[in-house]
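Residue numbering for the sequence shown follows our numbering, starting at 267 and increasing by one per position.
Cβ coordinates follow ideal geometry from the N, Cα and C atoms, glycine included.
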Amino acid sequence: MTAPTPPPTPPFRDPHLPFAKRIDDLMSRLTLDEKTGFLHQFTPAVERLGIAAFRTGQEALHGVAWMGPATVFPQAVGLGATWNDDLVRRIGEAVSKEARTMRARDDRVGLNVWSPTVNLLRHPLWGRNEEGYSEDPRLTSAIATAYTRGLRGDHPTYWRTAPVLKHWLAHNNETDRDTTSSSVRPRVLNEYDLRAFRATVEAGAVAGVMPAYNLVNGRPNHVSPYLREHLRTWTDEDLLVCSDAGAPSNLVDSEHYFDTHEEATAAALRAGVDSFTDHGTDSSKITARVRGALDRGLLTEADLDAAVRRQLSIRFRLGEFDPEHDPYADTADFDTPEHRALAREAAEQAVVLLKNDGVLPLAPGARVAVVGLLADECKLDWYSGTLIHRSTPLEGLYERFGAEQVRFAEGVDRVLLKTGTGTFLHVPPADDDAPGEARGAEGALDPALLAGRTDLPPLTTGTAGTELALVDWGEDVLTLRAPDGRYLSVAEDGYVRASADQPGGWVVQETFRLEPHGNGHLLRHLGTGRPVRVAADGVKVAASDDEDPEVFELVVTERGEEAVTRAAAGADVVVVVAGNDPHINGRETQDRTTLRLPDHQERLLRAARAANPHTVLALVSAYPYAVDTEPLPAVLWTAHGGQAAGTALARVLAGDVSPAGRLPQTWYASDADLPGLLDYDVIGGRQTYLYFEGTPLFPFGHGLSYASFAYADLAARVGQEAVRVSFTVTNTGDVTADEVAQLYARAEDPSVPRPRRELLAHRRLTLAPGERAEVAFELPLSDFAFWDVAHGRWRLEPGPYALLAGASSEDVRLSTTITLDGEPAAPRPVGEHGLDAAGFDEQSGTEIVDRAKTAGDAVTPAAGRTGELLYRGCDFGPGATGVSVEVAGEGAVEVSVDGGATAALSTRTPTPGPYAYTTLTAGFTAEGVRDVRVRLRGALRLAHIGFSG
């Protein structure tokens, strides 16, 4: 009797076939309903074909996040401060290995990782500054490329993880982030915002992108034509576009860009969104919208096929269909000694020495006072994993100098809260055997879903109050901590308990504000927005301001300055550790309002300085501050450095490691130097080191060392396709140290505004005393080009270019000038093509908006202003006798040439809608090459200006 013949292996299971053919076969086997299911973040299994369920998205910005214990590396802005591509690549490798290892024991851990963030750090008040690498597109792309290469792995076919870049595009504000529009002129779009994404995608280790919540030029990023016009032209690989959470629904609910969710879903899918992250794990709403769009003829099955193919392409590359051939299937590297050492190395390399008058490194045997609100903290952020190891600055200094040599004062204000009846708030003792765990103690697929503890007793009142540690984090946002280290928090039942290990959560439940009221203060809980009241069964938040809120008297038993003064007085050196809590005042959903250090921490700094002139300020923060450094002998900055932060800072202070971090963004001297948060025109607004004309507190690329370095032998050779630049760097100090050699360029005779200087290349070197190394870069000529708005393309302008080599954007040690051949400027052929409104050279009082919902730009006056546009070098040839404007809305357009004719055109009645354009004409005379000026008034959109003759 012969055995039955096994069914043939379907082609999509054949590892010897190309992925494209295997995907073709699998697509042919999927039903329309099955394809529809693939469009949600949580893709169900197709059991009849043996296809497993799949989830897009795994946070991994500086370690595997939200899934429990993992190695925690420095924040992304700290990785940017290392200026070390190789280090960041190794970190990407470690993170992806831990993701693979964690997935083997928990299939909730995804391999489609949503990182890195390549949004440029254009504005230092952006709440998510911690997530980006730099204000410079080339440095950002270099670090992002390194991280994605590490995440991807080096196998030619299979990927260890599949990284998705966040957040496409021009996204630098949390304030009204889902309804604000970034007005991005073509030069800024191409030279700045797209550049970081493009170089990283072209490097070949990117699986996709995530559109941002905001709009760009009046159009939501989730229906952006740039996905098709730019992103997908940069690579032959399939790129998976994953929506941000809830953003598909925003197209209707908050942005009101479409009338129905079926229209919005169809538009996003056709624009290039492949995976819809919406309504959590519930895919039913998205699939119903897709079916509705199909029924209405808004989508075709071919539209779905394109998106499903892209997801399958990622899954095949991740080895899902070839487990026996997947080289990463048996990865088991988790919390290894190598990963711990790498976390410490990264934290050390991220430390930036901003100023040093000789007090650092600390002398052997020095008596050190470490003080400040972050002196004994190892803070995590929203995208951190759970710490396995933990090191605070205090612990690091204890380890390095010995506990007997180190004194500590946190600097909190010690307070009692007295009620109107004369009793005090009291924290009952906790049951040590309570089974609950504080928020954030365990990983969760979405930490926003973690609830506060209700197993602990709520606060009460009594004659013996509990002394609380009060910290004012700025803007009167307070935390209150019980003596056992737990923070006062409010759970869903409304009671106030000492229950949280740290402030945290999507809506932070551990912050309060004292508001003057009568003869005392209301204690308002910021998470609920409600005041605290005292009830018979415990302290809780009131249902409203009218429900008998308690009026408290704040009794201060000790000011933080007093403890700091005591600790500082007997020390050789004081280290004040100041900065931010990443969950408070400057985080996702909340921008900062000022560069200033919060007043509480300024008080501590002044007290330390008054008690001991040898005071070092160590800023541990997710963003820059504007501080008065003049009276301080030394200042350092590091981002929140992950699990090894304290050890790393102590080793740098002690001189075991020479600091070599460099600032990845400009540190401005005051708020007055900042543009508006929503001003995305880095050229016109003179923003970032590229265009800023003021004097920064510390410039881009700045960072000092315990060694000194000499630069010499600058040479440049211009070739047919590239410029080769070389110079030498010598360690002239007496310790082994790293130096970050930086090369900038500047167009010396530009026809349009160009950067004051622009980073072209960098390299981090380790040099022993007396050691000399040559640094050489091969720079494509395209690196010197700019976006020519007159002709809508890149152009290399002929003429002289300065090459500047040195230790920062302002610390230039060597310079030379090269002359490049290129394409001379040509006037705009306006007689043939007219003028696209958004292709201006200069503007004031305008915003770029969407010409239509699918594509194109128009220009409108900013609210309450007269808009002005300038177009240089317009060639009218033998002459023009008429002008036409395409406009929508209601208002007036005035077109003029310098020293010549002016035409005024206006709509007699409003057009039917913002996309209903009409053409207005008028007589107009001009000849030769002239500058054209346009004025706009009213609720008008200008799309195009034409000339006839």
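Exercise for review: Go through its chain and collect everything with a Cβ distance to Ala530's Cβ below 6 Å, but skip five positions before and after it.
Suggested key: Leu517, Val518, Phe524
**Study point:** Counted within 10 angstroms of its Cβ, other Cβ atoms place Thr271 as buried (16 or more) or exposed
**Key:** exposed
Review point. Looking only at DSSP bridge pairs, what is Ile1211 linked to?
Key: Leu1101, Val1151
**Study point:** Own chain residues within Cβ distance below 7 Å of Thr998, not counting five before or after
**Key:** Ser974, Phe975, Ala976
Practice item. Kindly confirm or deny that the stretch 979–997 and the stretch 907–917 touch, where touching means at least three C-beta pairs closer than 8 Å. Key: no
Check your understanding: Near Glu521, which residues of its chain fall below 8 Å by C-beta distance, leaving aside the five closest residues on each side in sequence?
Key -> Asp444, Thr445, Leu481, Pro486
Practice item. Can you have a look at Ala833 and say buried or exposed, based on whether 16 or more other CB atoms are within 10 angstroms of its CB? Key: buried
Review point. Apart from the five residues on each side of it in sequence, which residues of its chain come closer than 7 Å, Cβ to Cβ, to Gly512?
Key: Asp544
Point to revise | Segment contact flag, the stretch 637–656 with the stretch 846–861, C-beta cutoff 8 Å, min 3 pairs | key: yes
Review point. Secondary structure at Ala978, three-state DSSP: helix, strand or coil?
Key: strand
Review point. Thinking C-beta only, is Val343 closer than 9 Å to Tyr955?
Key: no
**Study point:** Classification of Leu1278 by the beta-carbon crowding that lies within 10 angstroms, buried from 16 upward
**Key:** This structure gives no information on residue 1278, because the portion of the chain shown stretches from 267 to 1215.
Point to revise | Own chain partners of Arg1199 with C-beta closer than 6 Å, once the 5 adjacent residues on each side are dropped | key: Leu1136, Ser1162
Review point. Taking C-beta to C-beta, are Arg1030 and Leu353 nearer than 9 Å?
Key: yes
Check your understanding: Should Leu608 and Arg426 be called a contact, given that it needs their Cβ atoms to be closer than 9 Å?
Key -> no
Practice item. Consult DSSP for Pro273 and reduce its assignment to one of helix, strand or coil. Key: coil
Check your understanding: Does the distance from the C-beta atom of Ala573 to that of Ser541 stay below 9 Å?
Key -> yes
Check your understanding: For Asp811, is the classification buried or exposed, using 16 other Cβ atoms within 10 angstroms of its Cβ as the cut-off for buried?
Key -> exposed
Review point. Starting from Ser294 and walking both ways along the alpha helix (DSSP H), at which residues does that stretch end?
Key: 285–295
**Study point:** Cβ shell of His437 (< 8 Å), same chain only, five flanking positions each side left out
**Key:** Asn385, Arg443, Ser448, Ala478, Tyr479, Asn480, Asn487
Review point. With DSSP run on the structure shown, which of helix, strand or coil describes Val539?
Key: coil
**Study point:** Backbone secondary structure at Met368 - three-state DSSP
**Key:** helix
Practice item. Please list, in chain order, all residues of the same chain as Leu1045 whose beta carbon is under 7 Å from its beta carbon, the five residues on each side excluded. Key: Ala988, Val989, Val991, Leu1026, Ala1027
Check your understanding: So Gly740 packs on Asn851, CB below 8 Å; how close in whole Å?
Key -> 5 Å
Review point. Closest to Ala1073 by CA distance: which of Ala1007, Asp1123, Ala1128 is it?
Key: Ala1007
Review point. Using the C-alpha atoms, what's the distance from Thr414 back to Leu682?
Key: 51 Å
Check your understanding: Quick one: Cα of Leu626 to Cα of Asn878, how far?
Key -> 15 Å
Practice item. Tell whether a beta-carbon distance below 9 Å holds between Leu1208 and Thr1126. Key: yes
Check your understanding: Among Phe582, Asp1087, Ala533, His692, which one has its Cα closest to the Cα of Arg562?
Key -> Ala533
Review point. According to DSSP, which residues form a beta bridge with Asp1141?
Key: Val1195
Check your understanding: Per the contact definition of three or more C-beta pairs closer than 8 Å, is the stretch 597–614 in contact with the stretch 816–823?
Key -> no
Check your understanding: Sorted by chain position, which residues of the same chain lie with C-beta nearer than 6 Å to Thr1184's C-beta, five sequence neighbours on each side aside?
Key -> Thr1177
Practice item. Just tell me which of Val472, Leu628, Pro593 has its CA closest to the CA of His421. Key: Pro593
Review point. If we count Cβ pairs, one from each stretch, closer than 8 Å, do we get three or more for the stretch 1114–1131 versus the stretch 485–505?
Key: yes
Point to revise | Boundaries of the beta strand (DSSP E) in which Leu431 is found, first to last residue | key: 430–434
**Study point:** Limits of the alpha helix (DSSP H) - the one that Val343 falls within
**Key:** 342–348
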